[in-house]
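Residue numbers (full-length UniProt numbering), protein chains in the order written: chain S, 1 to 342; chain E, 1 to 342.
The following block contains the structure:
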């Protein structure tokens, strides 16, 4: 069986501080397009790869509990949409489209358990399975509805609001009848929040010198749900603005991932008086709700009631720059890397 | 109707930073021992007053949501055990013993709604209704069982562990079959924790230079429940030592109440990976469980399976020093002020 070229993005070495493009290398490997005899693995042709903030954590040498670390000189792993080339597992067959955890390379041999699910609905863009119909979509759904327990008329604040998860939380909040305000890092993103995603209000946090005062202006009666994506100073400004019995689903703290000394949060005593529940979560705990989620979100997508903005980069070799861009806020919407369209 | 003397402890002025004895004055007021015609209020003779950490908050000018502030030149208010002198309310009659919110004075006229409940069980010390059978007891019970959701074999860490609430959390944890470690601020308190309250281990946090390392030593497999009484540096050291799906009931953050600039907590990203739930609470939300609590705890007290240490100070005029002592850790066990024994 002939080998074929298998371009890969590998980690050069563990990262300290902000990641740079040069922390990764694009290399030419090779692969035999065959599942080894007796193996239950599945051979995938990768189509779309997902750039997700949590990947920064795997670039550090420290193994965060529940995650692993990437291995230097090995390809990154992450969520992606792929096509089955050959399958050693009865659940999958050649030609199936799937999404799940794959590797940053053209072809990957993966254990079937890494595949999240077969893709049945193809009347929507395939890349959506890295975003609104994939991990970020489930994250927004579970974090907002399961942990946020939103009620009509409540006040919702979303940080990193134009990102892969945030743009959905805002739209889900509006569907629930909430008042929702988002923060983002550029005028372009703020415009998107207000004009495309239907947030009631939005602001550029980089232009606000007194975030506490800004939040008081947008939430004179306080915040019921803060969907936490950034951590640090933003969380500290939010806490005094929370309302009695507020909820803070902690989805991420992207502002902190690259800091050697994270910012100190000083206003946590607000948790007590206001009886606030702050809860970190990982989406994998909620994948059993995936079919409910599809039933909820697909009709909204088809009717144009929920929209999704992607930032699509062509070519695996442009993956490192796209991934690094997440941490400077370069991307507008969900960051996707196209390896192949078919 | 003749007036009688009514000694009172009043706030001199709003407090900034650590409270001092001189922030309060003992003054001689007077009171007519009669409920005004047509009033539903209840006239109380105060017996035991409770010194509770939350009282520091009410000494600040800033009104924390859900609380008020004390008024300068007016007596402090707080939990206490009292005897009804006269009642304008049908639920209470002369001679009843009650506990609830009263004022720091010899006699108080209070709205009946401030009385938490009549005291029925008097085979235990009356002062217990400021502690184990009062607000701190309910706080330990609700915080540990309702928010902590403990399971047999889990690992529990309690800070301020010899205090009014902490000593009970530790004993409840042992009754549940947990491994429990407590921290306190003196050798005497550490001895109490190990020898009187049955904690598996205890340490003096003032003697530990690397709290993170100390916790790793006592919890090589991590902490399932951290019962938070102190906040700040302790919380920051606990977070990396929490276990997957850990719970942090936030009862208080006494180390932070007197700081003008609270300590920054930098390890909150642990909430995400470890899917930790951190929840602030106020005991008043749980008073509907009070009769369940009594059913649970009274037999344990009578059988000597749950013990309670009080630090009893005689005389209202010694109240300010007792209250201030809470914030330097002078008290050993629940701090009570005796106004009168009968």
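No residue lacks a Cβ here, since even glycine has one placed at the ideal position from N, Cα and C.
The structure displayed is predicted, hence computed values, not measured ones.
query: Is any beta-carbon of chain S found at less than 7 Å from that of residue 115 of chain E?; result: no
query: Checking contacts by CB at 7 Å: is residue 75 of chain E closer than that to chain S?; result: no
query: Taking beta-carbon pairs under 9 Å, can you tell me which members of the segment 263-289 of chain S lie near chain E?; result: 263, 264, 265, 266, 267, 268, 269, 270, 271, 272, 273, 274, 275, 276, 277, 278, 279, 280, 281, 282 and 285
query: List, in chain order, every chain S residue whose beta-carbon is nearer than 8 Å to that of residue 231 of chain E.; result: 268 and 269
query: Anyone know if the C-beta pair for residue 81 of chain S and residue 130 of chain S falls short of 7 Å?; result: yes
query: One question on the structure: do residue 204 of chain E and residue 242 of chain E come within less than 7 Å of each other, judged by their Cβ atoms?; result: no
query: Return the residue from the list S:181, S:329, S:142 and S:196 that minimises the CA-CA distance to residue 202 of chain S.; result: S:181
query: Are the C-beta atoms of residue 138 of chain E and some chain S residue less than 7 Å apart?; result: no
query: Does residue 55 of chain S get closer than 7 Å to chain E when you measure Cβ to Cβ?; result: no
query: Check whether the Cβ atoms of residue 36 of chain E and residue 254 of chain E lie closer than 7 Å to each other.; result: no
query: If you compare alpha carbons, which of E:2, E:47 and E:17 is closest to residue 314 of chain E?; result: E:47
query: Give the residues of chain E in contact with residue 253 of chain S, contact being defined as C-beta atoms less than 9 Å apart.; result: 268, 269, 271 and 272
query: Say whether chain E places a C-beta atom closer than 7 Å to the C-beta of residue 250 of chain S.; result: yes
query: Which residues does DSSP pair with residue 79 of chain E in a beta bridge?; result: E:101
query: What does the Cβ neighbour count give for residue 103 of chain S, buried or exposed, with the cut at 16 atoms within 10 Å?; result: buried
query: List the residues of chain E whose Cβ lies closer than 8 Å to the Cβ of residue 167 of chain S, in chain order.; result: By Cβ distance, chain E contributes nothing, its closest Cβ being about 20 Å from residue 167 of chain S, past 8 Å.
query: Going along chain S, which residues have a C-beta under 7 Å from residue 256 of chain E?; result: 269
query: According to DSSP, what are the bridge partners of residue 242 of chain S?; result: S:223
query: As a quick exercise: from S:78, S:329, S:312 and S:268, pick the residue whose alpha carbon is nearest that of residue 338 of chain S.; result: S:312
query: What residue from S:276, S:191 and S:211 has the CA that sits closest to residue 224 of chain S's CA?; result: S:276
query: Which residues share a DSSP beta bridge with residue 364 of chain S?; result: With chain S covering only 1 through 342, there is no way to say anything about residue 364 of chain S.
query: What does the alpha-carbon distance come out to for the pair residue 152 of chain S and residue 173 of chain S?; result: 9 Å
query: In whole angstroms, what is the alpha-carbon distance linking residue 237 of chain E and residue 199 of chain E?; result: 20 Å
query: At a cut of 8 Å, does the segment 21-30 of chain E reach the segment 68-79 of chain S through at least three beta carbon pairs?; result: no
query: Of all the options S:107, S:192, S:57 and S:235, which has the alpha carbon lying nearest to the alpha carbon of residue 316 of chain S?; result: S:107
query: Leaving out five residues before and five after residue 197 of chain S in sequence, what residues of the same chain have Cβ atoms less than 6 Å from its Cβ?; result: 167, 170 and 171
query: If you check the beta carbons only, do residue 86 of chain E and residue 43 of chain E fall under 7 Å apart?; result: yes
query: Check residue 355 of chain S in the structure and name its three-state DSSP category.; result: Coverage of chain S is limited to positions 1 through 342, which leaves residue 355 of chain S absent and any answer about it impossible.
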